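Heads up: the sequence shown begins at 11 in my numbering, then just goes up one per residue.
The block underneath contains the structure these notes are about, expressed in structure tokens.
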Amino acid sequence: MNAGAPPTGRQIYALAAALCEHAGKEFPETRGDASSLIEKLRRELGHPAPALEDSARRPRSRAGGGARAGGSRGTEKRARAIAAELARELR
11 MNAGAPPTGR QIYALAAALC EHAGKEFPET RGDASSLIEK LRRELGHPAP
61 ALEDSARRPR SRAGGGARAG GSRGTEKRAR AIAAELAREL R
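What follows is the structure, given as structure tokens:
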């Protein structure tokens with residue numbers, strides 16, 4: 011085990027599931043359900059941009075960084091940031 015490595019996708023899902031359980035919420039089954047739950051939780055916490063539509067869209071990079079570009083580093087980095095923000099908001 012590499013303690014300095016970023017969390018795996020499996021660890022991020024486990025963290026999200028534990029946070030849902032801790033908050034008394036059911037883990038979402040679809041992307042739509044996940045978006046609704048995230049928005050609901052953010053509204054409850056007074057987040058300044060609770061819905062995706064409230065946030066400015068980031069420009070897409072030409073190089074990508076997703077699975078099609080041959081790596082998932084950007085995806086994992088974004089997932090870590092989202093998980094960390096959600097954990098902070100649920101405190």
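From the three backbone atoms N, C-alpha and C, an ideal C-beta is built for every residue, glycine too.
Keep in mind that this is a model prediction, so the values were computed, not measured.
| Check | Outcome |
| --- | --- |
| Count the other CB atoms, across all protein chains shown, that sit within 10 Å of the CB of ALA89; report buried if there are 16 or more and exposed otherwise. | buried |
| So, helix, strand or coil for ALA94, using DSSP? | helix |
| Inspect the beta-carbon positions of LEU25 and LYS35 and report whether they are closer than 8 Å. | no |
| Does DSSP classify LYS87 as helix, strand or coil? | helix |
| Does the distance from the CB of HIS57 to the CB of LEU100 come in under 8 Å? | no |
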